[in-house]
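Residue numbering for the sequence shown follows our numbering, beginning at 1401 and increasing consecutively.
Scroll down for the structure; my scribbles are underneath it.
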Amino acid sequence: MNLFYSPHIQGDTHLLDEAESKHAIRVLRLLKGEMVVLVDGFGGWYEAVIEDDHPKRCLLRIQSREQNYQALGYSLHLAVSPTKNLERFEWFLEKSTEIGISEITPLICHRSERKQVKIERLERILVSAMKQSLKAYKPVLNDPVSFEEFMKMEHTGTRGIAYCFGSDRVGIERLGPEGPFTLMVGPEGDFTEQEVRGALEAGFAPFHLGSSRLRTETAAVYITAAISILQQQI
């Protein structure tokens, strides 16, 4: 099944952009009359047939459409500190999209070694992961915000902060089943004690991911997978 992405799909026909047209016709060598799937990143799943196999302006005719295709039964928003090695953060984006996540915020903390990210590049990774995993939803990727700014935002539902010190933390399975979930993962050097205090005062519950010390990106993927599994058990 060949998936193509466009955030704006209207009417009975759709013209792929130049990059997607080239991939369809030059790389995949698809021909007029072959069936493909379009997704818009908002839950729209469109089955279409190639009407014009032009390598720069591939024209599709929509045959059927379905909204809210395989929608997540929960909302998961992860605020994660970007890693010094950006490839590790990109790996998290890819894997969390494949598993299922609603929203991602790059969180700039006191000990964050990377303060900036290229949103356009990260968006391309999300699109690629969405297509590879046959999903119709692309996670919302927010601009980076500081820890202090994130604390000032309104967050509802189950809120949690994962960190490595202290004895009053609970396992992720004890955070509670009620979403939406807003969970935070800190930088390689962990959150500072001041940041943890600020989060707890803002209503975030302290939790841990077991006895092992995990890398930032590993912890974020762990959380994504754990929430997915726990929600399937409800």
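Beta carbons: idealized from backbone N, C-alpha and C, even for Gly.
Residue i versus residue j: straight-line alpha-carbon distance, rounded
i: N1402; j: R1511; result: 42 Å
i: L1583; j: L1575; result: 10 Å
i: T1592; j: A1599; result: 11 Å
i: I1634; j: A1605; result: Reliability of the predicted coordinates at I1634 is poor, the pLDDT of 47 falling under 50, and no value is obtained from them.
i: G1433; j: I1504; result: 38 Å
i: L1507; j: L1431; result: 44 Å
i: V1449; j: L1438; result: 10 Å
i: C1458; j: S1611; result: 52 Å
i: E1601; j: V1570; result: 17 Å
i: I1623; j: L1609; result: 8 Å
i: N1468; j: G1566; result: 41 Å
i: P1577; j: I1561; result: 16 Å
i: N1542; j: K1518; result: 11 Å
i: K1552; j: P1482; result: 20 Å
i: D1452; j: P1544; result: 41 Å
i: Q1594; j: R1429; result: 56 Å
i: L1630; j: V1527; result: 26 Å
i: D1568; j: K1422; result: 55 Å
i: Q1516; j: S1546; result: 11 Å
i: T1556; j: E1494; result: 26 Å
Reference residue i; option with closest CA among the options
i: E1420; options: E1490, V1436, D1412 and Q1410; result: V1436
i: F1492; options: T1618, S1546, I1519 and G1566; result: T1618
i: E1554; options: L1472, F1581 and Q1516; result: F1581
i: E1513; options: T1616, K1484 and E1494; result: K1484
i: C1509; options: S1628, T1616 and Y1622; result: T1616
i: S1628; options: R1429, H1477, Y1469 and E1451; result: H1477
i: G1603; options: S1546, E1523 and F1550; result: F1550
i: V1585; options: Q1594, D1568 and F1607; result: F1607
i: V1540; options: L1630, L1534, E1418 and E1523; result: E1523
i: L1486; options: P1587, Q1632 and D1453; result: P1587
i: Q1632; options: K1422, R1429 and L1472; result: L1472
i: E1447; options: L1534, E1418 and K1422; result: L1534
Presumed contact (8 Å Cβ cut-off) between residue i and residue j, rounded CB distance
i: S1406; j: D1440; result: 6 Å
i: S1475; j: S1502; result: 5 Å
i: G1443; j: A1529; result: Wrong, their Cβ atoms sit about 16 Å apart, outside the cutoff.
i: E1490; j: I1525; result: 5 Å
i: W1445; j: E1466; result: 5 Å
Proximity of residue i and residue j at Cβ, strictly below 8 Å
i: D1412; j: R1461; result: yes
i: A1424; j: L1415; result: no
i: T1558; j: G1579; result: yes
i: A1620; j: I1572; result: no
i: R1521; j: C1564; result: no
i: E1498; j: Q1470; result: no
Residue i burial status per 10 Å Cβ neighbour count (16 or more: buried)
i: V1635; result: Nothing can be reported for residue 1635, as the shown portion of the chain is limited to 1401 through 1634.
i: V1480; result: buried
i: G1500; result: buried
i: I1409; result: buried
i: V1427; result: exposed
i: K1538; result: buried
i: F1404; result: buried
i: P1455; result: exposed
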